[in-house]
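Residue numbers (my numbering), protein chains in the order written: chain A, 11 to 733; chain B, 45 to 208.
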Amino acid sequence: MNATRQHPDLNRRAFLKVSLLASGALAIGVHWASASGTDQLPDGTWAPNLYVRINRDGTVTILSKNPEAGQGVKTAFPMVVAECLEVDWNDINVEQVPLDDRYGRQVVGGSYGTPDGWDDLRIAGTGALYLLQAAAANQWAVPVSECSAKSGVIHHKGSNRSVPYKELLDGAAALPVPEVSELKLKSRPEDFTLLGTFVPGVDNRRIFTGQPLYGCDTRLEGMLYAVFEKCPNFGGKVLSANVAQIRELPGITHAFVVDGTSDLTGLMPGVAIVAETWWQANTARDQLQVNWQTSQSDSTADYDRQAKALATGPGETLRADGDVESAFDSAAKIIQASYYYPFVSHANLEPQNCTALFHESGKMELWAPSQNPKSGRALVAEVLEIPEDRIHVNLTRIGGGFGRRLRNDFMVEAAWIARIVRRPVQLQWTREDDMRHDFYRPAGWHHFKAGIDDRGRMTGFDHHFITFGKDGRPVSGAGLSPGHYPAGLVPNFRLRQSLIDSHVPTGPWRSPGHSAYCFAYQSFFDEVALAAERDPLEFRLDLLSRSFGEPPIDLERSSATLRIAAEKAGWGRDPGPNRGLGMAFHFDHGGFVSHVAEVVAMGSGIKVEKVWSGIDVGPVLNLSGARNQVEGCVIDALSTAQQEITFADGAVEQSNFYDYDLLRIGQDPEIECHFIQSDHSPTGLGEPPIAPATPAITNAIFAATGTRIRELPFGRAGISVQV
Amino acid sequence: MRGRNMNQVTLNINGQAHTLDVPADMPLLWALRDKLNLVGSKYGCGVGLCGSCTVLVNGVPMQSCTLSAISLAGKEITTIEGFAPNNDHPVQIAWNDEDVPQCGYCQGGQILTAAALLERNPNPSDADIDDAMSGVLCRCGTYPRIRKAIKLAAKVAAEKGGAA
Numbered sequence: 011m012n013a014t015r016q017h018p019d020l021n022r023r024a025f026l027k028v029s030l031l032a033s034g035a036l037a038i039g040v041h042w043a044s045a046s047g048t049d050q051l052p053d054g055t056w057a058p059n060l061y062v063r064i065n066r067d068g069t070v071t072i073l074s075k076n077p078e079a080g081q082g083v084k085t086a087f088p089m090v091v092a093e094c095l096e097v098d099w100n101d102i103n104v105e106q107v108p109l110d111d112r113y114g115r116q117v118v119g120g121s122y123g124t125p126d127g128w129d130d131l132r133i134a135g136t137g138a139l140y141l142l143q144a145a146a147a148n149q150w151a152v153p154v155s156e157c158s159a160k161s162g163v164i165h166h167k168g169s170n171r172s173v174p175y176k177e178l179l180d181g182a183a184a185l186p187v188p189e190v191s192e193l194k195l196k197s198r199p200e201d202f203t204l205l206g207t208f209v210p211g212v213d214n215r216r217i218f219t220g221q222p223l224y225g226c227d228t229r230l231e232g233m234l235y236a237v238f239e240k241c242p243n244f245g246g247k248v249l250s251a252n253v254a255q256i257r258e259l260p261g262i263t264h265a266f267v268v269d270g271t272s273d274l275t276g277l278m279p280g281v282a283i284v285a286e287t288w289w290q291a292n293t294a295r296d297q298l299q300v301n302w303q304t305s306q307s308d309s310t311a312d313y314d315r316q317a318k319a320l321a322t323g324p325g326e327t328l329r330a331d332g333d334v335e336s337a338f339d340s341a342a343k344i345i346q347a348s349y350y351y352p353f354v355s356h357a358n359l360e361p362q363n364c365t366a367l368f369h370e371s372g373k374m375e376l377w378a379p380s381q382n383p384k385s386g387r388a389l390v391a392e393v394l395e396i397p398e399d400r401i402h403v404n405l406t407r408i409g410g411g412f413g414r415r416l417r418n419d420f421m422v423e424a425a426w427i428a429r430i431v432r433r434p435v436q437l438q439w440t441r442e443d444d445m446r447h448d449f450y451r452p453a454g455w456h457h458f459k460a461g462i463d464d465r466g467r468m469t470g471f472d473h474h475f476i477t478f479g480k481d482g483r484p485v486s487g488a489g490l491s492p493g494h495y496p497a498g499l500v501p502n503f504r505l506r507q508s509l510i511d512s513h514v515p516t517g518p519w520r521s522p523g524h525s526a527y528c529f530a531y532q533s534f535f536d537e538v539a540l541a542a543e544r545d546p547l548e549f550r551l552d553l554l555s556r557s558f559g560e561p562p563i564d565l566e567r568s569s570a571t572l573r574i575a576a577e578k579a580g581w582g583r584d585p586g587p588n589r590g591l592g593m594a595f596h597f598d599h600g601g602f603v604s605h606v607a608e609v610v611a612m613g614s615g616i617k618v619e620k621v622w623s624g625i626d627v628g629p630v631l632n633l634s635g636a637r638n639q640v641e642g643c644v645i646d647a648l649s650t651a652q653q654e655i656t657f658a659d660g661a662v663e664q665s666n667f668y669d670y671d672l673l674r675i676g677q678d679p680e681i682e683c684h685f686i687q688s689d690h691s692p693t694g695l696g697e698p699p700i701a702p703a704t705p706a707i708t709n710a711i712f713a714a715t716g717t718r719i720r721e722l723p724f725g726r727a728g729i730s731v732q733v
Numbered sequence: 045m046r047g048r049n050m051n052q053v054t055l056n057i058n059g060q061a062h063t064l065d066v067p068a069d070m071p072l073l074w075a076l077r078d079k080l081n082l083v084g085s086k087y088g089c090g091v092g093l094c095g096s097c098t099v100l101v102n103g104v105p106m107q108s109c110t111l112s113a114i115s116l117a118g119k120e121i122t123t124i125e126g127f128a129p130n131n132d133h134p135v136q137i138a139w140n141d142e143d144v145p146q147c148g149y150c151q152g153g154q155i156l157t158a159a160a161l162l163e164r165n166p167n168p169s170d171a172d173i174d175d176a177m178s179g180v181l182c183r184c185g186t187y188p189r190i191r192k193a194i195k196l197a198a199k200v201a202a203e204k205g206g207a208a
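#1: Taking a Cβ distance cut-off of 8 Å, strictly less, list which residues of the segment 232-249 of chain A are near chain B, in chain order.
#2: Any residues in the segment 389-404 of chain A with a beta carbon nearer than 7 Å to a beta carbon of chain D? Which ones, in chain order?
#3: Which value, in whole angstroms, describes the spacing of the CA atoms of Arg387 of chain A and Tyr113 of chain A?
#4: Within the same chain, show all residues whose beta-carbon is closer than 6 Å to that of Tyr175 of chain A, passing over the 5 residues directly before and after it, in chain order.
#5: Can you have a look at Gly205 of chain B and say buried or exposed, based on whether 16 or more other CB atoms are within 10 angstroms of its CB?
#6: Would Arg183 of chain B be called buried (16 or more neighbouring beta carbons within 10 Å of its own) or exposed?
#7: Measuring CA to CA, which of A:Pro125, A:Ser355, A:Gln381 and A:Asp111 is closest to Ala86 of chain A?
#8: Taking the alpha carbon of Asp399 of chain A as the point to measure from, which residue in A:Gly372, A:Val644 and A:Ile408 has its own alpha carbon closest?
#9: DSSP state of Asp98 of chain A, grouped into three classes?
#10: What residues from chain A crowd round Val104 of chain B, counting only those whose CB sits closer than 8 Å?
#11: Tell me whether Thr228 of chain A sits in a helix, a strand or coil according to DSSP, three-state version.
#12: Which residue or residues does DSSP assign as beta-bridge partners of Glu239 of chain A?
#13: DSSP three-state label for Gly716 of chain A, please.
#14: Beta carbon of Pro518 of chain A, beta carbon of Gly489 of chain A: below 7 Å?
#15: What number of angstroms, rounded off, separates the C-alpha of Ile625 of chain A from the C-alpha of Arg637 of chain A?
#16: Could you name the residues that DSSP lists as bridge partners for Ile616 of chain A?
#17: DSSP on Tyr175 of chain A, reduced to helix/strand/coil?
#18: Could you list the residues in the segment 81-97 of chain B with a C-beta less than 8 Å from some C-beta on chain A, going in chain order?
#19: Tell me the residue span of the alpha helix (DSSP H) that contains Tyr531 of chain A.
#20: Kindly indicate if chain A contains any beta-carbon less than 7 Å away from that of Asp78 of chain B.
#21: Within a Cβ cutoff of 6 Å, which residues of the same chain sit near Arg573 of chain A, ignoring the five residues on either side of it in sequence?
#22: So, helix, strand or coil for Phe475 of chain A, using DSSP?
#23: Under a CB-based cut-off of 7 Å, is Asn100 of chain A close to chain B?
#24: For Ile707 of chain A versus Ala607 of chain A, is the C-beta distance shorter than 7 Å?
#25: Just confirm the distance between the C-beta atoms of Gly126 of chain B and Ile57 of chain B, as a whole number of angstroms; I'd bet it's less than 8 Å.
#26: Tell me Pro67 of chain B's beta-bridge partners as DSSP assigns them.
#27: Please confirm if Trp288 of chain A has its CB atom under 7 Å from at least one CB of chain B.
#28: Can you tell me which of A:Arg483, A:Tyr235 and A:Glu392 puts its alpha carbon nearest to the alpha carbon of Val435 of chain A?
#29: By DSSP, does Trp74 of chain B sit in helix, in strand, or in coil?
#30: In the DSSP assignment, find the unbroken beta strand (DSSP E) run with Val62 of chain A in it and report its ends.
#31: Please report the residue range of the alpha helix (DSSP H) in which Phe338 of chain A lies.
#32: When the Cα atoms are used, what is the spatial distance from Leu31 of chain A to Lys247 of chain A?
#33: Relative to the C-alpha of Trp150 of chain A, which residue among A:Ala159, A:Lys160 and A:Ser172 is closest?
#34: Tell me, please, whether the CB atom of Lys733 of chain A is closer than 7 Å to any CB atom in chain B?
#35: Touch check for the segment 152-171 of chain B and the segment 709-716 of chain A: three-plus C-beta pairs under 8 Å?
#36: For Leu195 of chain A, which residues from the same chain have a beta carbon less than 6 Å from its beta carbon, with the 5 sequence-adjacent residues on both sides left out?
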């Protein structure tokens, strides 16, 4: 059962830690210790993973531990603390902290920030309030139960006395710290006053006035700028390069070959060029001549040929429930279809970059827009042979993550260059570097066969998935869980897998896997429903009404999102000529999302007019951030469904927004979000809304035009999205 | 080897004159970012396709990655830093009320382009907005909010009794 996420270590216990800082501020942290022992750092210091400071002027500082990539954590997390601490949002300051093991997990990924932080944040806020209330009660010699808190003030009703938090800090610090089990943590939407409301982002002012925030905005005294030329053919090594000639060019301070390693996710071979300005470094590339030694020639055409050949084979059976072949023999009808989606790029708008300074003391300092800076630090430590405790990583705001920045190749490149240059260096990739050296979402082929009985229910389901692998296992981002629905929803089920050898870098792309194969599943469900002459909504609700063995997802929560999206969209109405409605449900990363899309056909083009979304991720923290993620996911799905990355001679053929254009304003649909505010613990929203968006749209395209999209991008079916 | 191919140019940026030595072909974007440490204008594509580097040249939105710095002597250049540093322009107010950004990387370009649109068209239709804003990409997909915010900014400006 993967409907809700538990803390990976159920035996861990939380402790509150409170101290008075030199500034007089009251600092509150939460410390998780395993039941068997303590989690103290080797030097014996206490290891909090969150700090809240209540300052002498009455303001509250909340330290933001996770990187901010647009997912909204830097605003939503402090909201949780403010909610539990009963302080006004205007009195909150948020500070981004650097990478520091005391803070625990510091990752943007897997939509896991919210479930990871939920308890800590509530414990810190509630624990602080507990102490402040106790301090006020002591001061007035009244029972704590008679004291209430609001807007940073403790009030005693009986005597009509009030005291602001800032006057209670010393008293609170002197009190014994409560056991976490004594704290009443708010958990139900109806208890919230700030959570669930629409709160603008804490960095907005700095964004709107162009202040430095992002990795590429880092400016250090005496800083140089670098570019790094890698072989367009993945894995290519440098045999020779005219670096002596490059060093003579205007503004160039350094040019050198980096031998690198053979790790596609690490330091690849290349040529570094460093200059007084980035423009000069990059312009020098026009004169750069490199002899590359290449070892592979992967191409999209060859992948297609291999996929075709594998399709007729048996593949490796990953799961077999019941007897699929007998089910097909006794089926009233057989439906077969094949689906394909291409490789795609993350296309972060801020191209990869990192700033590095190698101090004379041997310490490496980095400013990195990384989604997973801790693994970046480990990579730098490994490749440069510097102990991790000599590497300091500052976290910057990130100009788009989407999974690309879970890989830290740009960090190790910058660190390597900085150690040679011995001055602060900013490595800035070009758009072309970024598009040609991504970790792509892998392409995939899905061959489906379903048998239905005379009531139109699926009795047998065979799925042959052709994906990419190495040494018999799918490469990063290419795997499919054998437990994925419709496994468990169909009595006779078989999943087979075949692997194509690949030498190109792949990796997690927003909702890894799900964002791709949900398109195939949910489109095919529509085909089965129509072949069975059943309504697509009724067919799906029926599919979710029973399971065979362990249900693959929480059937009730999934159905509820489908019902609300359908109801709000007016499912069942006649949308009129050249119009159609399509739907899909999905579950991933802890979140349940269904969409209904309305499409209008316009000549050879289509317009997605509106999308209605039903979402259950438990209580919504920041309504603005939550809606933003739903809107962003729907638009990302529509944008990406029009793009593809192709390979020829071992290299990517696309290079910039000429040939990988993202959705433009006007092509975006209206998006209406309906959140089911259930009592389940909140989960993240950066990923769950994207997977079902693509098939909701393609199913609506079929309803509007009669064209069944079985291959992406849309262009393969001659369909374009109009403004 | 330094100093070769350098040209001196005086640029009027955010109401201040800056004299600097730049390579003849250096785009304004890199003069702003690397010479003047004005990093609000962002690099996204380098070929004028994404609009993250948008600045106003004599009030007109232009993509600073494709304009050579030396060609802009005598022009009034406004970057996002100098546009409304107090964050009180109707477009900034509306952008906050609608909480437009996700990652925020493109938003400087979006705000300057929107402000220029409202300057010449105080009450734009959806089609006007699509037309004016289509050169500025948002990878995160904040377009529905950009549209709402432009309409709100138009209203805020009208209430203030002047053009945005």
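Where is the CB? At the ideal position from N, CA and C, for every residue including glycine. This structure is a prediction, so every number in the text was calculated from the model and none was measured.
Taking the definition as stated:
#1: Tyr235
#2: Reference to chain D is not applicable here, since the protein chains of this structure are A and B.
#3: Along the first sequence, one-based indexing puts residue 387 of chain A at 377. Along the first sequence, one-based indexing puts residue 113 of chain A at 103. Answer to the nearest angstrom: the Cα atoms are 15 Å apart.
#4: In the first sequence, the residue the question calls residue 175 of chain A occupies position 165. Closer than 6 Å at Cβ, skipping near neighbours: Ile64, Leu142 and Gly162.
#5: The sequence position of residue 205 of chain B within the second sequence is 161, counting from 1. When all chains shown are included, Gly205 of chain B counts as exposed.
#6: Position 139 of the second sequence holds residue 183 of chain B. Its Cβ being crowded by 16 or more others within 10 Å, Arg183 of chain B is buried.
#7: Residue mapping note: residue 86 of chain A aligns to position 76 of the first sequence, counting from 1. Relative to Ala86 of chain A, the option among A:Pro125, A:Ser355, A:Gln381 and A:Asp111 whose CA is nearest is A:Pro125.
#8: Mapped onto the first sequence, residue 399 of chain A falls at position 389. The shortest Cα separation from Asp399 of chain A among A:Gly372, A:Val644 and A:Ile408 belongs to A:Gly372.
#9: Taking the first residue of the first sequence as position 1, residue 98 of chain A is located at position 88. Reduced to three states, the DSSP call for Asp98 of chain A is coil.
#10: On the second sequence, position 60 is the one that residue 104 of chain B refers to. Going along chain A, no residue has its Cβ under 8 Å from Val104 of chain B, so there is no contact; the nearest lies around 18 Å.
#11: The count along the first sequence starts at 1 and reaches residue 228 of chain A at position 218. Of the three classes helix, strand and coil, the one that applies to Thr228 of chain A here is coil, per DSSP.
#12: The count along the first sequence starts at 1 and reaches residue 239 of chain A at position 229. Answer is A:Val281, bridged to Glu239 of chain A.
#13: What you label residue 716 of chain A is simply residue 706 of the first sequence in a count that begins at 1. Here Gly716 of chain A sits in coil by DSSP.
#14: Taking the first sequence and counting its residues from 1, one reaches residue 518 of chain A at position 508. Taking the first sequence and counting its residues from 1, one reaches residue 489 of chain A at position 479. Judged by beta-carbon spacing, Gly489 of chain A lies beyond the 7 Å limit of Pro518 of chain A, meaning their Cβ atoms are not closer than that value.
#15: Within the first sequence, residue 625 of chain A is the residue found at index 615, counting from 1. Within the first sequence, residue 637 of chain A is the residue found at index 627, counting from 1. Going by the C-alpha atoms only, they are around 10 Å apart.
#16: Position 606 of the first sequence, counting from 1, holds the residue named residue 616 of chain A. In the DSSP assignment, Ile616 of chain A forms a beta bridge with A:Ala611 and A:Val731.
#17: The residue given as residue 175 of chain A occupies position 165 in the first sequence. In this structure, Tyr175 of chain A counts as helix in the three-state DSSP scheme.
#18: Asn81, Leu82, Val83, Gly84, Ser85, Lys86, Tyr87, Gly88, Cys89, Gly90, Val91, Leu93, Cys94 and Ser96
#19: By one-based count along the first sequence, residue 531 of chain A stands at place 521. Here the alpha helix (DSSP H) through Tyr531 of chain A covers His524 to Ala541.
#20: Counting from 1 along the second sequence, the entry for residue 78 of chain B is found at position 34. With its beta carbon less than 7 Å from one in chain A, Asp78 of chain B belongs to the interface.
#21: Stepping through the first sequence from its first residue, residue 573 of chain A is reached at position 563. Nothing meets the Cβ criterion.
#22: Working through the first sequence from its first residue, we reach residue 475 of chain A at position 465. Residue state, collapsed to three classes: strand.
#23: As a first step, residue 100 of chain A must be located in the first sequence, where it is residue number 90. Output row for Asn100 of chain A: interface = no.
#24: Your numbering for residue 707 of chain A matches position 697 in the first sequence. Your numbering for residue 607 of chain A matches position 597 in the first sequence. Going by C-beta atoms, Ile707 of chain A is nearer than 7 Å to Ala607 of chain A.
#25: As a first step, residue 126 of chain B is located in the second sequence; it is residue number 82 there, counting from the start. As a first step, residue 57 of chain B is located in the second sequence; it is residue number 13 there, counting from the start. About 7 Å separates the two Cβ atoms, so the contact holds.
#26: Here the question's residue 67 of chain B lines up with position 23 in the second sequence. B:Met50, per the DSSP bridge assignment.
#27: As a first step, residue 288 of chain A must be located in the first sequence, where it is residue number 278. It does: the Cβ of Trp288 of chain A has a partner Cβ on chain B nearer than 7 Å.
#28: Position 425 of the first sequence, counted from the start, is the residue given in the question as residue 435 of chain A. For Val435 of chain A, the nearest C-alpha among the options comes from A:Tyr235.
#29: Along the second sequence, one-based indexing puts residue 74 of chain B at 30. The answer is helix: DSSP assigns Trp74 of chain B an H, G or I state.
#30: Your numbering for residue 62 of chain A matches position 52 in the first sequence. Segment Tyr61 to Ile64, the beta strand (DSSP E) holding Val62 of chain A.
#31: For this step, residue 338 of chain A is matched to residue 328 along the first sequence. Residues Val334 to Asp339.
#32: Here residue 31 of chain A is taken as the residue at index 21 of the first sequence, counted from 1. Here residue 247 of chain A is taken as the residue at index 237 of the first sequence, counted from 1. Whole-angstrom Cα-Cα distance: 53 Å.
#33: One-based indexing of the first sequence puts residue 150 of chain A at position 140. Of the candidates A:Ala159, A:Lys160 and A:Ser172, the one whose C-alpha sits nearest the C-alpha of Trp150 of chain A is A:Ser172.
#34: Indexing the first sequence from 1 puts residue 733 of chain A at position 723. This sequence places Val at residue 733 of chain A; Lys is not what is there. With 7 Å as the cut-off, Val733 of chain A counts as an interface residue toward chain B.
#35: no
#36: Walking along the first sequence from the start, residue 195 of chain A turns up at place 185. Once the five neighbours on either side are set aside, the close Cβ partners of Leu195 of chain A are Arg132 and Thr136.
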